[in-house]
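Student: In mature numbering (1 follows the signal peptide of the UniProt record, and there is no 0), the protein residues as written are -20 to -1, 1 to 1095.
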Amino acid sequence: MVRATQLAVAALGLLGAAAAQLVSTGMSVTLDQIDYFVSPYPAGNVTVSAASLTDIPSVNGFYPVTVVQEEMAGVLSLSSLFSTWTDVDDVFTPAFLGVVLVRGYKPDNVTATFFNSSRSSVLGPLESRVVPSGPYFLEQATGKLYPVYRLYSDYAGAFTQPLLQKPDGTFQPLSAQVAGLVSSTIGVPSRIYYTPSDEKPLAGARVGVKDIYSLAGVRQSNGNRAWYNLYGENNVTGTAVSRLIDAGAIIVGLQKPSQFANGETATADWVDLHPPFNPRGDGYQDPSSSSSGAGASIGSYEWLDLALGSDTGGSIRNPAEVQGVYGSRPSHGLVELDHVMSMSPVLDTAGVLSRDPYLWDRANQALYSTNYTSFYGKSVRYPSKLYTIDFPTTNDSAADALLAGFQKRLAAFLNTTATPLDLSDDWSSRPPSSAPANVSLETLLNLTYPMLITKQQIPLVRDPFYADYAAKHDGRVPFVDPVPLSRWNWSMAYPDSALDEAIHNKALFMDWIAENYLTPISDPEQCSSSLIVYVGTDGSQRARNVYRSLPGAPSGYSKFLISNMASVPDFVIPVGEIEAYSTITQHQEKFPVAIDVLAAKGCDGLLVRLAQDLFEAGIISAPLAGGTLTALFGLAYASTQAVLQPEEPSDFRTFHSPYSPHHSIRIRQQNESICAAHSAQYTGWLDIGRKHLFFWYFESQNDPANDPLTLWMTGGPGGSSMIGLFEEVGPCLINEYGNGTYHNPWGWSRNSSLLFVDQPVDVGFSYVDEGEDLPGDSHQAAIDMHRFLQLFVSEVFPQLQTLPVHLSGESYAGHYVPYLGSQIVQQNKLYPTEPQVLLHSCLVGNGYYSPRDTTYGYWETLCTTNPGVPEPVFNQTRCDIMAANMPRCMEVSDVCVRNPDPAICHAASEVCYEGVIGWYDDESGEGGRNRFDITAPCALDGICYIEAARIEQYLNTPAVWAALSPPKEIKEYKVTSDNVSRAFDLTSDTMTPASEQVAFLLANQVHFLAYQGNLDLACNTAGNLRWAHSLPWRGQVEFASKALRPWSWVDVVSGKSGVAGTTKEVRVKVSESTDKESRFALVTVDGAGHFLPQDRPDIALDMMVRWISGASFTE
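1. Is the region 328 to 347 close to the region 296 to 315, with three or more CB pairs under 8 Å?
2. Do you know how far the Cα of residue 823 is from the Cα of residue 1005?
3. Spatial neighbours of residue 852 within its chain, please: CB distance less than 8 Å, with the 5 preceding and 5 following residues excluded, ordered by chain position.
4. Could you pull out every unbroken beta strand (DSSP E) segment of at least 3 residues lying fully inside the region 137 to 207, listed in chain order?
5. Assuming residue 489 contacts residue 545 under a Cβ cut-off of 8 Å, what Cβ separation, rounded to an integer in Å, is found between them?
6. Does the region 104 to 112 come into contact with the region 145 to 160, if we say contact requires no fewer than three beta-carbon pairs (one atom in each stretch) closer than 8 Å?
7. With a cut-off of 8 Å on the beta carbons, I'd call residue 508 and residue 586 a contact; round off their distance for me.
8. Quick one: what's got a C-beta closer than 6 Å to residue 184's C-beta in the same chain, skipping five residues either side?
9. Count the C-beta pairs between the region 1006 to 1020 and the region 1078 to 1088 that are closer than 8 Å, then say yes if the count reaches three, no if not.
10. Would residue 717 be called buried (16 or more neighbouring beta carbons within 10 Å of its own) or exposed?
11. With DSSP run on the structure shown, which of helix, strand or coil describes residue 393?
12. May I have the straight-line CA-CA distance separating residue 1062 from residue 760, to the nearest angstrom?
13. Considering residue 551, what are the terminal residues of the alpha helix (DSSP H) in which it resides?
14. What does a CB cutoff of less than 8 Å around residue 904 pick up in its chain, not counting 5 residues either side in sequence?
15. Per DSSP, residue 1057 forms a beta bridge with which residues?
16. Helix, strand or coil, according to DSSP, for residue 35 in the structure here?
17. Residue 4 and residue 17 - do their beta-carbons sit closer together than 8 Å?
18. Report the partner residues of residue 678 according to the DSSP bridge assignment.
19. With three or more beta-carbon pairs closer than 8 Å as the criterion, would you say the region 825 to 841 touches the region 872 to 892?
20. Kindly indicate which three-state DSSP category residue 635 falls into: helix, strand or coil?
21. Take residue 26 as the anchor and find which of 116, 353, 101, 2 has the nearest alpha-carbon.
22. So residue 1025 is in the beta strand (DSSP E); what residue range does that whole segment cover?
23. Quick one: what does DSSP say residue 1071 is sitting in, helix, strand or coil?
24. Relative to the C-alpha of residue 319, which residue among 800, 221, 252 is closest?
25. Compute the Euclidean distance between the alpha carbons of residue 398 and residue 367, then round it to the nearest angstrom.
26. Is it buried or exposed for residue 991, if we count other Cβ within 10 angstroms and need 16 for buried?
27. Can you give me the Cβ contacts of residue 338 inside the same chain, cut-off strictly under 8 Å, excluding the 5 residues immediately before and after it?
28. Between the region 515 to 532 and the region 241 to 249, can you find at least three pairs of beta-carbon atoms closer than 8 Å?
29. Please classify residue 923: does DSSP put it in a helix, a strand, or coil?
30. Would residue 401 and residue 537 qualify as a contact pair, given that the criterion is a beta-carbon distance under 8 Å?
31. Just to confirm, is the Cβ distance from residue 440 to residue 334 under 8 Å?
32. Report yes or no: do three or more beta-carbon pairs, one from the region 736 to 754 and one from the region 774 to 783, lie closer than 8 Å?
33. Assign residue 342 to one of two classes, buried (16 or more other C-beta atoms within 10 Å of its C-beta) or exposed (fewer than that).
34. Within the same chain, show all residues whose beta-carbon is closer than 7 Å to that of residue 865, passing over the 5 residues directly before and after it, in chain order.
35. Can the beta-carbon of residue 573 be found less than 8 Å from the beta-carbon of residue 607?
36. Would you kindly check if the distance between the Cβ of residue 994 and the Cβ of residue 848 is under 8 Å?
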């Protein structure tokens, strides 16, 4: 159902000299009980027949339609795409699927159904290439497509004006209103319209802007009604906001500041505006100031991604702390503050608030440009000095326990010891030589802050404002809230020279801090000599219904002024919440606890990286929007109850981690009906906050109490490990009809317990909750997998904790396995008192270890008979072209390895593809060449093997779904995840080698086997042999000098034997001071391709059993 709530009209132009001008400002509609705004600015034109629209609901000639720019193979592909859209976008719904316009779609007016709906969709061709994919409203009379915005009520009162960003870069008020009590209506565009890129890293990010920034086309208020009514629309957008827009951000509205950015307390201080509502706890806590709307909005609204605020004396940090979100006061001077209302130019900074530490990083990079260095994906070495201020030394309260626990975990993570810091005492004992004698720090800085913000704001803001107002209003004075007014009046009692003294004192303190505590370091991996951490909020309540004392000057010194006076970055990190009694609700409620971290000036990126690493280590969690930060907030939820025993909410059992309460495993036992395993089997999900990894576990058919555990991960990135289970090494294999399984006598659970995991999240049956970002590199994926293994072997199957663990997989597991292995080794060392994963070895089939070497191997694989083919695949002409292009490909690949920037690596990838790889891969696909076996045809696009389609068909049957009970968030099972593939494409992970990680494992006594099917091109033997010869470890010289030797296999099922291929291996001491050895081997198998266990399951099982038992391949 669709109905109009506001009439949209077209411009009528001028009808004679005295004609009125009529302009469309958009249209509001309700579609299937969801409120939308239809933009007045078309995205493009399309041609749609009237017959296609016959059964589609409309209003005033506007029809909901969907545009698909991706070329789709058919209805099933579209169904998968739309399912993804509903997961990632809050604007798109199936109600827009009445007409679906698809680029490259040939038939017209074909009907289909999606989401098991009773409604039919009409599929038609799309000629336009400029209209982004997503939902639109089509104006039938003109063929114009208009973007659609979902409308939300600003129930927290965080915004002063809802805005519509116009195509020309200016703004206009959003002319829409939905139901709400004294609240604005905010419109947000579909996320599907935008694709983040290196040039547009914030594409589609929805941003609120503090109402002290100038935006072209609309008025600003600075929190003052007289100001708003006095001045007209701004004609320029300043640098800070422009940079966010240039990076792809969508500005959705201006947000409430406390008046003229002065600190105001809810509720009595706020007169012109009503203060926003802090959503946390009982909903009636002070939102703090002055970026009040920014903090309240990020704390309240899942549909808002970022808020741009300003921080002079705590105006970003304080709202971030009490709302439990990330917030940053940057190093002073990182971005020009032109066309921004000022309090004090020597203190003013611009910063963002966010719930996502990775988006926070991208926003900072966009905002501060070259003045900001992101540490994401780079090597980092944190300072060894950690100073703390006001951290508790006892566990007398829930807040004390939470903060003390965080401090302990932080110090352990940084591999250091926390040192309490008292700057006042230090100043007294060793003040700077230029400081006045016998003057304490409190005395020196007592009036510094209030003098700066008043003496500088008066001439910049107050005086011109008063003069302009008086000129227009017959000498009258405008109303000003009590706080700024009292501060300005206080300042008038001091001479102008007091400002010079305040600036001098600030500089004195700044130099002292830089010299003694937060000293910039030339080493780019460390940046700062130390870190200072202080308690931002301990969860204390500050209700907004309490009358307080009269306002005055904010004199005095406190820890919150350190960064202001020292011009250093001060970033807020929420660490959890405590439960306390609320006098408002008269119930126990949860209130945020947050800390602030300071580093040397210019080291802003280091602090964001710290937040990311703490998040990945499970020490903190990304906060959610709403009343609480999250239902289970990792170590950060202070509770007296520790759930260590399994629960049985249904036929699933749930196990919680005693170390990270937001890590849990849901597990249920299966029977032979869906997998003929011949041993006990279990399925379930690991829950890590909003991420959920699916697993299928089989006990060993031999001796489950003593046999080792082997983990299998399929590559991709984005391939489901169910391929490995049902097509290669699992105890059951898919049958030829795709409707059942049969027992695999060569399954690897014959001599080992076997664990398959769909990873990273969003692969196969794994999933993420709405709003959660996907891992974009192997390191992020490894962090989740380590958490899973640690809980799996310690709590779910504790008998596994004393047994060896082997990591296995194929293809992109050449990255997954080394990164996971390295994470396990590092975490075992870092946290020796926590459960250990006893990693023994890794074995990877046709691994993607080094893109450079794999590409180099293309020539040998296609232009010689070395893979075991009677004649080369390519003729001499093609081989000569590839050989001529190879040096340039190797050159740019080396540049990528030395400078792993995604843009550089993607450019290198394109050079290598066009010059070398594409000569074969462009001819691969259904009916063409097979990248995974150069002697076989390709049956299907992508993986090439028909078994993949059968697995997908089988795992979507009602019988399997009834047995697995996937949650409602999972719409269907897919063998590959395009979302994960795209996430990895945004990083340099797929173009950089995993050599460092493999060498690290070998240096830590973790053995490594690289096995190869010789007919594979995608991860070919020639390239991986070249990689193995150059691997930087102690056995490199010995390994490279050895010749390949034949090795023989014996079928454990039939007793047959023969020569399998070639091998070489070495054992080397991990150091001169120990007898401990590490083993590295490369094994090849003739007549097998990329999926070696599928092609030669008998050889693969013999190889695996030999490896995990420690037997040699040549003895």
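Even for Gly, the Cβ is constructed at its ideal location relative to N, Cα and C.
The structure displayed is predicted, hence computed values, not measured ones.
Tutor: On the basis of the supplied data:
1. yes
2. In the sequence shown, the residue the question calls residue 1005 occupies position 1025. In the sequence shown, the residue the question calls residue 823 occupies position 843. Their Cα atoms are separated by approximately 15 Å.
3. To locate residue 852, count along the sequence shown from 1; it is residue 872. Hits under 8 Å: 842, 843, 844, 845, 859.
4. 139 to 145, 151 to 153, 165 to 169, 186 to 190
5. By one-based count along the sequence shown, residue 489 stands at place 509. By one-based count along the sequence shown, residue 545 stands at place 565. That belief holds up - the Cβ atoms of residue 489 and residue 545 are roughly 5 Å apart, short of 8 Å.
6. no
7. Here residue 508 is taken as the residue at index 528 of the sequence shown, counted from 1. Here residue 586 is taken as the residue at index 606 of the sequence shown, counted from 1. Their Cβ separation, rounded to whole angstroms, is 6 Å, which keeps residue 508 and residue 586 in contact under 8 Å.
8. By 1-based counting over the sequence shown, the position of residue 184 is 204. If we look at residue 184 and ignore the five residues flanking it on each side, its Cβ neighbours are 171, 174.
9. no
10. As a position in the sequence shown, residue 717 is number 737, starting the count at 1. Per the 10 Å Cβ criterion, exposed.
11. Taking the sequence shown and counting its residues from 1, one reaches residue 393 at position 413. Note: residue 393 maps to helix in three-state DSSP.
12. Position 1082 of the sequence shown, counted from the first residue, corresponds to residue 1062. Position 780 of the sequence shown, counted from the first residue, corresponds to residue 760. Their backbone Cα atoms lie some 28 Å apart in a straight line.
13. Position 571 of the sequence shown, counted from the first residue, corresponds to residue 551. No alpha helix (DSSP H) contains residue 551, which is instead part of the beta strand (DSSP E) from 550 to 561.
14. Counting from one through the sequence shown, the residue named residue 904 turns up at place 924. Cβ within range, chain order: 910, 911, 918, 924.
15. Within the sequence shown, the letter at position 1077 stands for residue 1057. Its beta-bridge partners are 1049.
16. The count along the sequence shown starts at 1 and reaches residue 35 at position 55. It is coil, neither helix nor strand.
17. For the purposes of this step, residue 17 is identified with residue 37 of the sequence shown, where counting begins at 1. For the purposes of this step, residue 4 is identified with residue 24 of the sequence shown, where counting begins at 1. No, they are not a contact pair.
18. Counting from one through the sequence shown, the residue named residue 678 turns up at place 698. Residue 678 pairs with 661, 734.
19. yes
20. Taking the first residue of the sequence shown as position 1, residue 635 is located at position 655. Note: residue 635 maps to strand in three-state DSSP.
21. Translated into positions along the sequence shown, residue 26 becomes position 46. That would be 116, whose Cα lies nearest to the Cα of residue 26.
22. Here residue 1025 corresponds to residue number 1045 of the sequence shown, with the count starting at 1. Start and end: 1025 to 1030.
23. The residue given as residue 1071 occupies position 1091 in the sequence shown. Looking at residue 1071 - three-state DSSP - the assignment turns out to be coil, as it is neither helix nor strand.
24. Your numbering for residue 319 matches position 339 in the sequence shown. Answer by Cα proximity: 221.
25. If you number the sequence shown from 1, residue 398 lands on position 418. If you number the sequence shown from 1, residue 367 lands on position 387. Residue 398 and residue 367: Cα-Cα distance of roughly 6 Å.
26. Indexing the sequence shown from 1 puts residue 991 at position 1011. The residue in question, residue 991, is buried, as its Cβ has 16 or more Cβ neighbours within 10 Å.
27. Position 358 of the sequence shown, counted from the first residue, corresponds to residue 338. Hits under 8 Å: 356, 592, 753.
28. yes
29. As a position in the sequence shown, residue 923 is number 943, starting the count at 1. Correct three-state label for residue 923: coil.
30. Reading the sequence shown from its first residue, position 421 is the one you call residue 401. Reading the sequence shown from its first residue, position 557 is the one you call residue 537. The answer is no: Cβ separation not under 8 Å.
31. Your numbering for residue 440 matches position 460 in the sequence shown. Your numbering for residue 334 matches position 354 in the sequence shown. No. Outside cutoff.
32. no
33. As a working mapping, residue 342 is identified with position 362 in the sequence shown. Buried.
34. What you label residue 865 is simply residue 885 of the sequence shown in a count that begins at 1. Counting only Cβ-Cβ distances below 7 Å, and skipping sequence neighbours, we find 895, 896.
35. One-based indexing of the sequence shown puts residue 573 at position 593. One-based indexing of the sequence shown puts residue 607 at position 627. No, the pair does not count as a contact, with Cβ atoms beyond the cut-off.
36. Position 868 of the sequence shown holds residue 848. Position 1014 of the sequence shown holds residue 994. Going by C-beta atoms, residue 848 is nearer than 8 Å to residue 994.
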